[in-house]
Structure formats: C-alpha cells, structure tokens
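Only one structure is covered here, and it is reproduced in the block below.
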Amino acid sequence: MRSYRLISTLILTLAVILLPYWIYLPLLFVAVAILPMFWEGILLGFLIDALYSQGISVPIGSPVALSILAALVILLPLRARLRTYV
Amino acid sequence: MKTNYLLKNKSRRSYSGKVLFLIGVFLVGAVFFYFLGPWLVPLVSPLWKTENAVARTLSKGFDFFRSRQTLIEENITLKEKVASLELERSSFTLSGVERQESIQGENIRAAVLTRPPQSPYDILIIDAGYKNSVIEGGRIFLPEGPELGVVSAVFPTTAKVKLFSTDGEKTSAVLERGNDPVTLEGVGGGNFRIIVPRDTAVEVGDRVLSAHLSSSLLAIVGDVEVSATDSFKEVLAKSPVNIFSVRFVLVRP
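Going down the list, the sequences are from chains A and B. Sequential numbering from 81 applies to the first sequence in this note's numbering. Sequential numbering from 4 applies to the second sequence in this note's numbering.
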C-alpha cells in the first residue's frame, strides 16, 4: 500500500507539472477517494496553487488544498461504513 | 470478555484524531508552501522548457506525415488569418508607424512556458523575469498588438502573468462603437462579461479597447443578451486570441 501511495503521489506531481488541469484535478480526487487517508493530496493541492495561482507565494486559504481537505474529511466516515469485496 | 459490538467512543475518537491530523497537514502545508512558493516556479521551469522543446520537436515530426491536402487547407486558412490580422492591425486607433514603434520599442520578448488549460486559473508563466527587466505590473501584449494581461509575480528568469480574463478580474475598458467606458469582467477561459445600460449601442463583432491613452484591443463582442424587462444588458466578449495556444508575448515594463 505504501508503494502505491508513493507511486500515485509521484504520478500526480508530474501530472500537475505537465498535464492540463482537467486531467490532474479529477485524478487527484480519484486518488483521494481510492487511497485511504490520502493526506498527500492536500500537499499536491498546495503545489497546484503555488505553481499556478497569481501571486509569488501560495495563498494560505489555497482553494484546491481546502477542497481536498474537505473531501478527505467528508470521505472519512463514509469510508468507515463502506466494504469492498475485491 | 468477548465483545461483539463496536466501541462507540473509540470510533469517534479515531475520527476526530484523523480530522485533526488532516488539519495539521493542511496547516504545515500552508506554512511550508508559503515559504517555498518563491522557489517553486524557478525550480520547475526547466521541466516546462523541456516539455515545450519536446512538444515542438514532436509536432515537427508529425508534420512530415501530414497529407498534401491537409497542408493546402492549412495554408489557405493561414493566409486568411494573415489577411484578417493585417486588416485588424491597420484599423487600430494608432497609425501604423506609431503602433509599430509602440509594439517594438523597449519591449521584452518572452516565450510562454505554461498556459491554460495547464493552469486551472487564467495564468501564463513566461520565461523572462527580473533579470530581463520584467517588473510586477508590466503590461503583456501579443506580438500582433492585443493586450492580454499584467505581470502578477516576478522571479529571476520567469514571471507569472494574470490574464484580463481571470475569473473576477475587473479591467477598465472602452466600447469602441460609442466610446462608452465600461468595466470588463473576466469569467475565465479567455471570456469576459460586460454589464451596460440597455440603451448602449453594442453589436456582435464590436471591439473592446483598453482605457489607456495608447488603447489596444482587449476583447471582441461575441454575444449580447437582453431580457424584455431588464434595464441592463449583458455583453459577452471573448479574447481576440486563443489563450490556450499563445506561444510568445511582449512585456512592456
């Protein structure tokens, strides 16, 4: 599982740097939904805003990072109630 | 003793613990990226330069396999585009010589490293920074004349450009038809919205110019929406250039 997380984070980082947002943003939210407690997603959200927001530094209330934090918090109780039989 | 039910308190505690952990990661990330921010774009820019170079090489490689018919069609389209641009240029508010001087004089030419849709906001990153005399607030033009935005952040060899079409960005402009001063509001993706009184004369295809003394083209009216009971009308305008394919810009410090 740890290697999955690492590989996902690396792929998403490259996607953020090189691919259009309509690829990396859905991928990021899919990773948040699939991987348990994907806190790295918050840092990737900050990376997106640090690279592409209008200022020099990332805004403290980074919209992408905040959305991912919200998604993670909402998904926490849902994940506890879900059972997958794969 | 064997229990066959969930311990409620434990579940709640673990949930709040996880939420606190996530908030902690958010706070640490906010501080970390706040200080890392100025270094990040210069750090990543070599990757973007490589990506652009590879994309150019690949597109040249694919050109070899294009059919003759496609090339003829493309040639015709490009000739039409050149003709329309020349026409557009000659009808600018400044005379041809003045315009040429204002475009070429003291401008810094820069290549665009990233553009929408790579950025979720209408932001360009260009390969000229304060080492090339680019300053914050510098105006950004296309080599053909239209104005695109302003420099919002400067790094040693790169800079961020906030386009006028950035969502919520308001720019003073003039509707050319009646010389009416308006506020051009960006709605993202190279699009704009203008709210004008119902009686204002505006038609599809009209030009929206910047409010500067040496006015330049900002947008072209694409649609006018007015409802029977409204005293205002909404003018939808678009950038004169496809912002998703801008390759070079001029920076006027």
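Don't be surprised by glycine CBs; every beta carbon is placed ideally from N, CA and C. Note that the coordinates shown come from a computational prediction; the quantities given were computed from them, not determined experimentally.
C-alpha gap between residue i and residue j, whole angstroms
i               : j               : result
I75 of chain B  : L81 of chain B  : 10 Å
G132 of chain B : F118 of chain A : 36 Å
R250 of chain B : I129 of chain B : 9 Å
L88 of chain B  : P149 of chain B : 11 Å
R118 of chain B : Y101 of chain A : 11 Å
L99 of chain A  : Q121 of chain B : 6 Å
S98 of chain B  : V252 of chain B : Model confidence at S98 of chain B stands at a pLDDT of 49, short of 50, so the residue's coordinates are unreliable; what they give is reported in the following sentence. Near 22 Å, if we compare the C-alpha coordinates of V252 of chain B and S98 of chain B.
L221 of chain B : F235 of chain B : 22 Å
P200 of chain B : E206 of chain B : 14 Å
E77 of chain B  : E147 of chain B : 20 Å
L216 of chain B : L187 of chain B : 17 Å
L162 of chain A : V31 of chain B  : 30 Å
F55 of chain B  : A114 of chain B : In the sequence as presented, Phe is not what sits at residue 55 of chain B; that position holds Asn. C-alpha separation (whole angstroms): 10 Å.
D166 of chain B : E83 of chain B  : In the sequence as displayed, the identity of residue 166 of chain B is Leu instead of Asp. Cα to Cα, L166 of chain B sits roughly 27 Å from E83 of chain B.
V157 of chain B : V34 of chain B  : 21 Å
G141 of chain B : P243 of chain B : 20 Å
L90 of chain A  : G135 of chain A : 25 Å
L158 of chain A : P116 of chain A : 11 Å
A160 of chain A : V47 of chain B  : 38 Å
K52 of chain B  : R85 of chain A  : 28 Å
P256 of chain B : A214 of chain B : 18 Å
R82 of chain A  : S248 of chain B : 39 Å
V154 of chain B : V137 of chain B : 8 Å
A162 of chain B : L61 of chain B  : 26 Å
L116 of chain B : P45 of chain B  : 11 Å
P41 of chain B  : S133 of chain A : 12 Å
D233 of chain B : E172 of chain B : 24 Å
Own chain partners of residue i with C-beta closer than 6 Å, once the 5 adjacent residues on each side are dropped
i               : result
A130 of chain A : V138
V100 of chain B : Caution applies to V100 of chain B, whose pLDDT of 49 falls short of 50 and renders its modelled position unreliable; the model cannot decide the point.
L105 of chain A : none
I154 of chain A : none
A145 of chain A : I122, G125, F126
F1 of chain B   : The structure shown does not extend to residue 1 of chain B, since chain B is modelled only from 4 to 256, so the question has no answer here.
F24 of chain B  : none
Residue i, DSSP secondary structure in three states
i               : result
L61 of chain B  : helix
G255 of chain B : Just to set this straight, residue 255 of chain B is Arg in the shown sequence, not Gly. DSSP places R255 of chain B in strand when its eight states are reduced to three.
V31 of chain B  : helix
A113 of chain A : helix
V85 of chain B  : helix
F144 of chain B : strand
I136 of chain A : coil
L116 of chain B : strand
S98 of chain B  : Model confidence at S98 of chain B stands at a pLDDT of 49, short of 50, so the residue's coordinates are unreliable; what they give is reported in the following sentence. Note: S98 of chain B maps to coil in three-state DSSP.
G141 of chain A : coil
P100 of chain A : coil
W119 of chain A : coil
G132 of chain B : coil
E54 of chain B  : helix
T93 of chain A  : helix
L127 of chain A : helix
P243 of chain B : coil
I26 of chain B  : helix
V249 of chain B : coil
I87 of chain A  : helix
L162 of chain A : coil
I148 of chain A : helix
V44 of chain B  : helix
S17 of chain B  : helix
Minimum Cβ-Cβ distance from residue i to chain D less than 7 Å
i              : result
K52 of chain B : In the structure shown, chain D cannot be found, because the protein chains are A and B.
Beta-carbon proximity list for residue i, same chain, < 8 Å, skipping 5 on both sides
i               : result
Y18 of chain B  : none
I97 of chain A  : L131
T169 of chain B : Y124, D125, I126, G152, G189, G191
K241 of chain B : G193, N194, F195, A222, I223, G225
D209 of chain B : L178, E179, R180, I223, V224
V112 of chain A : F118, G121, I148, A151, L152, L155
F36 of chain B  : L43
A176 of chain B : P184, V185, T186, L187, I197, V211, L212, S213, A214, L221, A222
N110 of chain B : F144, L253, V254, R255
Residues that DSSP places opposite residue i in a beta bridge
i               : result
V227 of chain B : B:V238
S74 of chain B  : Looking at the sequence itself, residue 74 of chain B is Leu, so the reference to Ser does not match. According to DSSP, L74 of chain B bridges with nothing at all.
L127 of chain B : B:V164
I111 of chain B : B:V254
Same chain only: Cβ atoms within 7 Å of residue i, ignoring 5 sequence neighbours per side
i               : result
K134 of chain B : P159, T160
I103 of chain A : A95
I198 of chain B : F235, E237
L107 of chain A : L92, A95
S142 of chain A : G125, F126, D129
D202 of chain B : none
V229 of chain B : R201, K236
Near the ligand GDP: residue i beta-carbon under 6 Å from a heavy atom
i              : result
G27 of chain B : With respect to the ligand GDP, the structure shown offers nothing to examine, as it has no ligands at all.
What are the complete beta strand (DSSP E) segments, minimum 3 residues, inside the segment 150-223 of chain B?
You should have 150-157, 162-166, 173-178, 183-191, 194-200, 210-213.
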